[in-house]
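Following: one structure in structure tokens, then a few remarks.
Protein chains in written order, with the working numbering: chain G, 1435 to 1785; chain X, -9 to 297.
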């Protein structure tokens, strides 16, 4: 007899039910370990090298005191923001790809992050001076921007239903428009200096603080259980709308909710780190290679990989050309764009 | 004529006929507004013709130097040249721009043609946007590493005619003219080409040669424009469509009309760019993007099938 490849979790009323692929659980555990180890080492790397042991002690509040400022004020918030934003982008991309059933979909390519950046820049230029809002509202503004833009993309792509290809094309157009809007606002607004501009155009973890952590952490915490809940629905959606409907999935409603979830994840990531590109594109693909085909594990793995990508990109960004802090988004794009081309090559007979 | 200092028709005519170095209006017109208008005309025409040729070559209504990353390639090379090798001579920068445009064009065309079905509209759009993202991020990396003068380059990146002099146009103009005339001369051949490669071959056309000539013309037109004004997007995208709406499907007419309309459009866009937030200036690329993006969306909605 074959050993079962799945563990099944089921609540008594069968309201909650999920299957865990054993292989995926193992991979997820390994990935989590990798993320932890890499972040501890990564936090230590920098102008002053801090021994990993020292970092671990600092995380548990037992630091020797020598590096308190560097660790608590600079490196730790930066690391946490990078990890969380990466996770949010990774999960957002996994949802989009699962839902649109298109390997090229990702929040930045279809313009969702673009919308969030426009809203964020708009908020920074006028939010505090005209409407007297505190900076804490920035994530809300970014998420609103992302929602509005994705609604726009969805509406514009609607023509007796939404075909994935039209969605991508419309998205490319919208994101071009959004980057023009961002440039326009950056040029006319006096709030920004040229170096600040790049944070919003390419995305950078530079200057991350604990308040950034507090604004993105709740989103991630809420998103994960929701994702697992909808995983079943997405698993069946991958088989096609008709099959999913036949299995009793309310496809349209779930699709809308998932889209909103994905947009909120992407929007909150943009609010803290700007438009870091391509993470939402690459992470789900790597995840799919490593864990099976069930959506729950793909999205979690994608979140972990996204976290790893942004964190590593940021470590490279702040150390490679020290003392200049390069936006992490440049590194993710430098890896991501060739990867996109590779995907295009792989799918060359599909389009 | 319009602007912070208003000059009347009479003054403009006067400035040409009896130039008076003492009069503010005359000086302004000669050193600032006239060069801008001329550069706008030349660049707009070049970009629009390049767009028309690209749309014919790739049989894709969404083709244009900016959407396919050709401008981005040229920009990256120019930025590298000016920051790494500190080249500021226009003639040399121009060659860098050509090289960048050529590299990007070859990559995009190559990527778009891989696979069983050869060149498909969707593939080439996706390849173009990937190349665009790649070159853009490289450019930004270069800029962040060399913070000095970034403010200037930033404005240039978004495209601007302000501060360009006729001297900058000089080294590029002859090449642009040659490319433009070549494009005009190719009208007949392109008409045959767009009916289908097989038909064109059957009629005895040397398709490969035509493609190479078209490609080089596009590269020169797009690269030259970038060398002068930076990234002005979308002109090459929608002008050819306007021309097609006006004169039908005959490329002998589409190409000259695209040129004329493109020049007109860029001049107008520059005027808007100057006037919206006096005394500051909106980057020209932003204005053209505002006009171009809705158009892009419209075509993408209508479907990317060649008619």
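We put the beta carbon where it would ideally sit given N, CA and C, even for glycine.
Practice prompt. Output yes if chain G places a C-beta closer than 9 Å to the C-beta of residue 51 of chain X; else output no.
Written response: On the second chain, position 61 is the one that residue 51 of chain X refers to. Judged by the 9 Å Cβ criterion, residue 51 of chain X is not in contact with chain G.
Discussion item. 9 Å is my cut-off, CB to CB: does residue 1757 of chain G come that close to chain X?
Written reply: In the first chain, counting from the first residue as 1, residue 1757 of chain G sits at position 323. Not closer than 9 Å to any Cβ of chain X, the Cβ of residue 1757 of chain G fails to qualify, so no.
Worksheet item: Enumerated in chain order, which unbroken segments of the alpha helix (DSSP H) with a length of 4 residues or greater are wholly contained in the region 56 to 97 of chain X?
Response: 60 to 74
Discussion item. If we define contact as Cβ-Cβ less than 9 Å, is residue 223 of chain X a contact residue for chain G?
Written reply: Taking the second chain and counting its residues from 1, one reaches residue 223 of chain X at position 233. True, the Cβ-Cβ gap to chain G drops below 9 Å.
Fill in: Residue of G:1475, G:1665, G:1516, G:1749 minimising C-alpha distance to residue 1531 of chain G
Your numbering for residue 1531 of chain G matches position 97 in the first chain. The shortest Cα separation from residue 1531 of chain G among G:1475, G:1665, G:1516, G:1749 belongs to G:1665.
Fill in: residue 288 of chain X versus residue 255 of chain X: straight-line alpha-carbon distance, rounded
Here residue 288 of chain X refers to the residue found at position 298 when the second chain is read from its first residue. Here residue 255 of chain X refers to the residue found at position 265 when the second chain is read from its first residue. Their Cα atoms are separated by approximately 19 Å.
Discussion item. Does chain X have any CB closer than 9 Å to the CB of residue 1771 of chain G?
Written reply: Sequence index remark: in the first chain, residue 1771 of chain G carries index 337 (1-based). Closer than 9 Å: yes.
Fill in: Backbone secondary structure at residue 1592 of chain G - three-state DSSP
As a first step, residue 1592 of chain G is located in the first chain; it is residue number 158 there, counting from the start. Strand.
Worksheet item: Residues in its own chain within less than 8 Å of residue 1694 of chain G by CB, not counting five upstream and five downstream?
Response: As a working mapping, residue 1694 of chain G is identified with position 260 in the first chain. So the qualifying residues of the chain are 1581.
Practice prompt. Verify whether the separation of the beta carbon atoms of residue 1642 of chain G and residue 1511 of chain G is less than 9 Å.
Written response: Here residue 1642 of chain G refers to the residue found at position 208 of the first chain. Here residue 1511 of chain G refers to the residue found at position 77 of the first chain. In contact: residue 1642 of chain G and residue 1511 of chain G (Cβ atoms closer than 9 Å).
Worksheet entry | Within 8 Å of chain G by C-beta, residues of the region 109 to 133 of chain X in sequence order | 110, 112, 113, 115, 116, 117, 119, 120, 121, 123, 124, 126, 127, 128, 130, 131, 133
Worksheet item: For the region 1715 to 1731 of chain G, which residues have a CB atom closer than 7 Å to at least one CB atom of chain X, in sequence order?
Response: none
Worksheet item: Three-state secondary structure (DSSP) at residue 1391 of chain G?
Response: Chain G is shown only over 1435 to 1785; residue 1391 of chain G falls outside these bounds and no answer can be derived.
Discussion item. With a threshold of 9 Å between beta carbons, is residue 1585 of chain G in contact with chain X?
Written reply: Counting from 1 along the first chain, the entry for residue 1585 of chain G is found at position 151. No, no contact with chain X.
Discussion item. Rounding to the nearest angstrom, what Cα-Cα distance links residue 1619 of chain G and residue 1577 of chain G in this structure?
Written reply: The count along the first chain starts at 1 and reaches residue 1619 of chain G at position 185. The count along the first chain starts at 1 and reaches residue 1577 of chain G at position 143. If you take the alpha carbons of residue 1619 of chain G and residue 1577 of chain G, they lie about 18 Å apart.
Worksheet item: Within the 9 Å Cβ cut-off, does residue 47 of chain X reach chain G?
Response: Numbered from its first residue, the second chain carries residue 47 of chain X at position 57. Answer no: the Cβ-Cβ gap between residue 47 of chain X and chain G never drops below 9 Å.
Fill in: Proximity to residue 1779 of chain G [Cα-Cα], best of X:57, X:211, X:90, X:120
The residue you call residue 1779 of chain G lines up with position 345 of the first chain. Checked all of X:57, X:211, X:90, X:120; the closest Cα to residue 1779 of chain G is X:120.
Discussion item. In the DSSP assignment, the alpha helix (DSSP H) including residue 1693 of chain G goes from what residue to what residue?
Written reply: For the purposes of this step, residue 1693 of chain G is taken as the residue at position 259 of the first chain. Segment 1685 to 1707, the alpha helix (DSSP H) holding residue 1693 of chain G.
Discussion item. With a threshold of 8 Å, are at least 3 pairs of Cβ atoms found where one atom belongs to the region 1597 to 1608 of chain G and the other to the region 1712 to 1723 of chain G?
Written reply: no
Worksheet entry | Neighbour flag for residue 1736 of chain G against chain X, beta carbons, 9 Å | Along the first chain, read from residue 1 onward, the residue named residue 1736 of chain G stands at position 302. So, not an interface residue.
Worksheet item: Any Cβ of chain X within less than 9 Å of the Cβ of residue 1588 of chain G?
Response: Against the first chain, residue 1588 of chain G aligns to sequence position 154. Chain X, which has no Cβ nearer than 9 Å to the Cβ of residue 1588 of chain G, makes this no.
Worksheet item: Leaving out five residues before and five after residue 98 of chain X in sequence, what residues of the same chain have Cβ atoms less than 8 Å from its Cβ?
Response: Position 108 of the second chain, counted from the start, is the residue given in the question as residue 98 of chain X. The residues are 58, 59, 60, 114, 117, 118, 121.
Worksheet entry | Pair within 9 Å by beta-carbon distance, residue 1396 of chain G and residue 1465 of chain G | A question about residue 1396 of chain G goes unanswered here, because the residues of chain G that appear run from 1435 up to 1785.
Discussion item. Which residue wins for smallest C-alpha separation from residue 1774 of chain G, given the options G:1471, G:1536, G:1526?
Written reply: Position 340 of the first chain, counting from 1, holds the residue named residue 1774 of chain G. Closest by alpha carbon: G:1536.
Worksheet item: Using DSSP with H/G/I as helix, E/B as strand and the rest coil, what is residue 1771 of chain G?
Response: Taking the first residue of the first chain as 1, we reach residue 1771 of chain G at position 337. Note: residue 1771 of chain G maps to helix in three-state DSSP.
Worksheet entry | Option in X:248, X:222, X:225 with minimal Cα separation from residue 233 of chain X | Numbered from 1 along the second chain, position 243 holds the residue referred to as residue 233 of chain X. Closest option to residue 233 of chain X, Cα to Cα, is X:248.
Worksheet item: Contact check, residue 1550 of chain G vs residue 1771 of chain G under 8 Å by CB: the rounded distance?
Response: Counting from one through the first chain, the residue named residue 1550 of chain G turns up at place 116. Counting from one through the first chain, the residue named residue 1771 of chain G turns up at place 337. Actually they are not in contact, since the Cβ atoms of residue 1550 of chain G and residue 1771 of chain G sit about 20 Å apart, beyond 8 Å.
Worksheet item: Do residue 1647 of chain G and the ligand SAM come close, with the Cβ less than 8 Å from some heavy atom?
Response: For the structure depicted, the ligand SAM is absent and the ligand set is empty, with no information on it obtainable.
Worksheet entry | Integer Cβ distance of residue 1610 of chain G from residue 128 of chain X, believed to fall under 8 Å | As a first step, residue 1610 of chain G must be located in the first chain, where it is residue number 176. As a first step, residue 128 of chain X must be located in the second chain, where it is residue number 138. At roughly 18 Å, the Cβ-Cβ gap does not stay under 8 Å, so residue 1610 of chain G and residue 128 of chain X are not in contact.
Worksheet item: Would you call the region 176 to 189 of chain X and the region 22 to 38 of chain X in contact, with 3 or more CB pairs under 8 Å?
Response: no
Worksheet item: Which whole-angstrom value is the C-beta distance of residue 87 of chain X and residue 64 of chain X, which I expect to be below 8 Å?
Response: Counting from one through the second chain, the residue named residue 87 of chain X turns up at place 97. Counting from one through the second chain, the residue named residue 64 of chain X turns up at place 74. Yes, residue 87 of chain X and residue 64 of chain X are in contact; Cβ-Cβ is about 4 Å, under 8 Å.
Practice prompt. Specify, as a first and last residue, the run of the alpha helix (DSSP H) that residue 1509 of chain G falls within.
Written response: In the first chain, residue 1509 of chain G corresponds to position 75, counting from 1. Residue 1509 of chain G -> no alpha helix (DSSP H), and no H or E assigned at all.
Worksheet item: What residues from chain X crowd round residue 1593 of chain G, counting only those whose CB sits closer than 7 Å?
Response: Counting from 1 along the first chain, the entry for residue 1593 of chain G is found at position 159. Those are 291, listed as they occur along chain X.
Worksheet entry | Closest residue to residue 1768 of chain G among X:265, X:125, X:55, X:92 (Cα-Cα distance) | Taking the first chain and counting its residues from 1, the one referred to as residue 1768 of chain G is at position 334. Closest option to residue 1768 of chain G, Cα to Cα, is X:125.
Worksheet item: CB residue 1572 of chain G to CB residue 1473 of chain G, shorter than 9 Å?
Response: Walking along the first chain from the start, residue 1572 of chain G turns up at place 138. Walking along the first chain from the start, residue 1473 of chain G turns up at place 39. Not closer than 9 Å, so no.
Worksheet item: From residue 296 of chain X to residue 230 of chain X, what does the alpha carbon distance come to, in whole angstroms?
Response: Against the second chain, residue 296 of chain X aligns to sequence position 306. Against the second chain, residue 230 of chain X aligns to sequence position 240. Note that residue 296 of chain X scores 40 on pLDDT, short of 50, meaning its location in the model is unreliable; the coordinates nonetheless yield the value given after this. Looking at the two C-alpha atoms, the distance is approximately 14 Å.
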